[in-house]
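In this note's numbering, the protein residues as written are 29 to 74.
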């Protein structure tokens, strides 16, 4: 999911399909960050 919070603060219009390059870049960043988390990290939220 990807939202333009400036024009859609309620996150009702997912723009991921319109910006696959942004989704790919952010997904890579999250995977990299997740790999650095401690092994005993407890996932919270979604």
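The beta-carbon is built from N, C-alpha and C at its ideal position, and this holds for glycine as well.
Residue i to residue j, Cα distance in whole Å?
i, j, result
"residue 40", "residue 33", "10 Å"
"residue 29", "residue 49", "13 Å"
"residue 66", "residue 46", "34 Å"
"residue 36", "residue 54", "19 Å"
"residue 57", "residue 44", "16 Å"
"residue 42", "residue 68", "32 Å"
Counting only the same chain and skipping the five closest in sequence on each side, list residues whose C-beta sits under 8 Å from that of residue i.
i, result
"residue 71", "none"
Per DSSP, what kind of secondary structure is residue i in: helix, strand or coil?
i, result
"residue 49", "helix"
"residue 56", "helix"
Under 6 Å Cβ to Cβ from residue i, same chain only, skipping five residues before and after it: list those, please.
i, result
"residue 31", "39"
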